[in-house]
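Undergrad: Take 10 as the starting number for the sequence shown in my numbering and just add one per residue.
The beta carbon of each residue, even a glycine, is placed where N, CA and C say it ideally should be.
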Amino acid sequence: MKKRFTDILAALCVSMMLMASFAGCGSSKNLAADSTWEVTETTNLDKLTIADGAAVKAPEGYSVTMTVDGVETPIAAGSYKGKIVLTKTEANVVKFSDSLIHNFRQALYMDESGVVDAKSVTSAAGAYALSQDGILTGVKITSVGENFNGIFAAGGSYTIKDAVIDFTGNGGNDFAGYGAAVMSTGKNTTLVLDGVKIKTDGAVRTAAIADKSSNLIVKNSELQAMNGELPADYVSNVSPGDMKDVPWMLGIVGNCRTTNLLGDNTTATYINSSISAEGWGVLSIDNSQKAKLTAINSKIAITGTSGYGTYAIGDSTNAFYGCDIQVTDYAAINRGGLVIYGASTPETVAQLNTELKLGLTDSELSSLAQTKTTINSKRFGVMWHGQGNVKVLDDTIINTEKAVFLDKGQTAEIGVDGSKGAQLNSANGIILQIIDDDDPGPVTIDGKMANKGVYKEPAEPPVKAKDFDVTAVNSSDVIATFANITLKGDFYNATRGGSKTGADSGAQAGGMAAGAAGGAMAGQGGGMPGGPGGAAPGGGAGGGMAGGGGASGKNLVLKLENANVTGVISATTAKHAKDTITADDYKLLGEVTNTPGAAVNNGVIVSMMNSTWTVTGTSYLTSLTIGEGASISAPEGSKVTMTVNGVAKPIKAGVSYKGNIVLTVTNG
């Protein structure tokens, strides 16, 4: 009887194989050339051969995904052996735009009900288990295909413990999360990654994405993103959703951001974690407003030759407390956000725990040692290519090879308080450099904003802007306050205002980008207009000016409060190493030499309270207030003199001057 049952079972499996119905029964299948197999139910195989021209598809409204020995594998011509599972899942359709509608496939789809099997490729998820209190363990996801997502959380509160995710292959759209290792989305979603290791190797194959008002919390984890190989027919562009590499016009290269924060009021927090990118950027914000990106006691690094630590856009707050930041180009790029660097004091962390709903226990809070933030950049500290603010607090140390602050013609507020030991150290001796925006912008090719712009140095002298007062504070100025700190370095304002030659270099490309990018959507596309989130049309390059319109101006308003400065503070003319800069010379953007001279549209307004300024070279100002307790001197063995509109004036406290102010240092 037992033998007969076994024979019947074997015959049944053979019969099912001949009928091409393989669900639940290990077997083999050969797909002939030009044949099509519609997978109507999840199917298990031991062997699969797909001839050239053969196709495997799912019924309408569904997707099919193949795993081989638990590894998500592209369905392509070839022979496969092992534990082969072809999983039919309900479509998870994510619409980014009318032309970009993505059908997500993911190892685990989660909502308020838990893991949704009908939308999950569970054969790719490892030996996972979800407890009743929302803790997910045992996750191991490996993908060698493209556009496959790991964990997609769209509702509920979950903690993923000790997961290992390894992705090789390109993603599809990091503005939408298409191909991300982990993604949280929706205002009712809180996703905690604890002890998770994620490694991606592919263009726009993001490690972690938070979207649509969700709350993503990453702690005790390691996230790493490596550049991938772009498709042979890809044209570098800044069109939202089609952009698969960073525009070279930002002065950097790379094709994968480790993280991206999307959607309005979204929150992402990284605690005691290591986050790194080979290129492009580590912590990014895009296509959003009023987002909060926070890192506490974390290591943030660019491991390759080019990239930034964080990108602030759309009225966001990017805050770093007790972090170690190691970058090649910029600690931060600011385009509409607030960037904060400070220490992870117990009071600050406790406040963040409440404000950001981090859920840290008393034990976790006490284990986070108070640490200062340290930034080491091989080029710049913070770069502006849009309006934004920066605060440097506590005992933060910023070490750069080039300027600590590089403002490309944008409205900004900078606040540095050294009362607890903050330091700014620049190897080339420049603390603050203001120049015109040298981003040449994209050029529209076949409906896409291609990164084909060329920067051309203005050949004509700047034209004096009508009705712009270089001696008064304007709403569009750069206002920088340095308090309770000793600084050695220079402060330069080299904005030109309006110049036809300068404006022309960006008007063709920059004007095209306005509006089409939807403001913050293409924030990292470069060449975009200058206000918060890129909202104001008409920007461009070659000076980021008014796109060929009338002349304008921008003053440096420098406030010294109980500060000691040694260096030059001056209006200048800036010059790049080359008059024409293309993609081949992308690192030349932002790097200039300065020639101090009288202001045209680039006023320098200095006010000093209980401060000292040791003038090391000729400095051109437009307004100077020497408050009580303040003084101006020259280095030992030299003397400094001052003229205002060509007339010698005494340098003494309690006096204010306006006009063409020149401070000259001579020996003796």
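What residue from Q419, T602 and A217 has the CA that sits closest to L202's CA?
TA: Nearest in C-alpha terms to L202, of all of Q419, T602 and A217, is A217.
Undergrad: Determine whether the beta carbon atoms of R266 and G290 lie at a separation below 7 Å.
TA: yes
Undergrad: Within the same chain, show all residues whose beta-carbon is closer than 6 Å to that of G159, passing over the 5 residues directly before and after it, in chain order.
TA: A116, I150, I174, A190 and V191
Undergrad: Is the separation between the beta-carbon of T82 and that of V148 shorter than 7 Å?
TA: no
Undergrad: Rounding to the nearest angstrom, what Cα-Cα distance links G511 and I590 in this structure?
TA: Annotation note: pLDDT 32 at G511 (below 50); position unreliable, coordinate value reported separately. Their Cα atoms are separated by approximately 13 Å.
Undergrad: Specify the secondary structure class of Y464 as computed by DSSP and reduced to three states.
TA: strand
Undergrad: So for T363, helix, strand or coil by DSSP?
TA: DSSP places T363 in helix when its eight states are reduced to three.
Undergrad: Which runs of the beta strand (DSSP E) spanning at least 3 residues fall entirely within the region 365-429, listed in chain order?
TA: 383-386, 391-393, 397-401, 406-409, 414-417 and 421-426
Undergrad: My understanding is that I305 touches Y330, with C-beta atoms under 8 Å, so please give their C-beta distance in whole angstroms.
TA: 5 Å
Undergrad: Using only the alpha-carbon positions, how far apart do Y666 and V649 sit?
TA: 16 Å
Undergrad: Just checking, does the region 599-609 make contact with the region 649-661 on the three C-beta pairs under 8 Å criterion?
TA: no
Undergrad: What do you get for N182, buried or exposed, if any count of 16 or more other CB atoms within 10 angstroms of its CB means buried?
TA: buried
Undergrad: How would you label S628, buried or exposed, when you count the other beta carbons within 10 angstroms and need 16 or more for buried?
TA: buried
Undergrad: With a cut-off of 8 Å on the beta carbons, I'd call Y89 and L57 a contact; round off their distance for me.
TA: 5 Å
Undergrad: Are the region 635-646 and the region 577-594 touching, with three or more C-beta to C-beta distances below 8 Å?
TA: Short answer: they don't touch.
Undergrad: Just how far apart, CA to CA, sit Q517 and P467?
TA: Any reading at Q517 must be qualified, since the residue scores a pLDDT of 29, below 50, and its modelled position is unreliable; the value itself is stated next. Q517 and P467: Cα-Cα distance of roughly 15 Å.
Undergrad: Would you decide whether L374 is buried or exposed? Buried here means 16 or more other CB atoms lie within 10 Å of its CB.
TA: exposed
Undergrad: Looking at the secondary structure, which residues open and close the beta strand (DSSP E) in which D175 lies?
TA: V173 to T177
Undergrad: Just the Cα atoms here: how many angstroms apart are S108 and S248?
TA: 12 Å
Undergrad: Can you name the start and end residues of the beta strand (DSSP E) that L117 belongs to?
TA: I110 to D120
Undergrad: Is DSSP giving K128 helix, strand or coil here?
TA: helix
Undergrad: For the region 424-458, list the beta strand (DSSP E) runs that are entirely contained and at least 3 residues long, ordered along the chain.
TA: 432-435, 439-444 and 452-454
Undergrad: Does A172 get closer than 7 Å to chain D when you measure Cβ to Cβ?
TA: Of the protein chains in this structure there is only one, and it is not chain D.
Undergrad: Given S325, which residues of its chain have a CB within under 6 Å of its CB, disregarding the five upstream and five downstream residues?
TA: I294, A300 and G346
Undergrad: For G418, I'd like the list of residues in its chain whose CB is within less than 6 Å of its CB, leaving aside the five on either flank, ordered along the chain.
TA: D445, D446, T504 and G553
Undergrad: Report yes or no: do three or more beta-carbon pairs, one from the region 261-280 and one from the region 197-213, lie closer than 8 Å?
TA: With a cut-off of 8 Å on Cβ pairs, the region 261-280 is in contact with the region 197-213, counting three or more such pairs.
Undergrad: Return the CA-CA distance between A421 and T582, expressed in angstroms with no decimal places.
TA: 20 Å
Undergrad: Taking all protein chains shown into account, do 16 or more other C-beta atoms lie within 10 angstroms of the C-beta of S4, making it buried, or fewer, making it exposed?
TA: The structure shown does not extend to residue 4, since the chain is modelled only from 10 through 677, so no value can be given for it.
Undergrad: If you count every other CB in all the chains shown that lies within 10 Å of the CB of P451, and 16 or more means buried, which is it?
TA: buried
Undergrad: Checking 7 Å against the spacing of the C-beta atoms, do G612 and T631 come in under that value?
TA: yes
Undergrad: For P470, which residues does DSSP report across the bridge?
TA: BP columns for P470 are empty, so no partner.
Undergrad: Compute the distance between the beta-carbons of T303 and A219, then report whether it is under 7 Å.
TA: no
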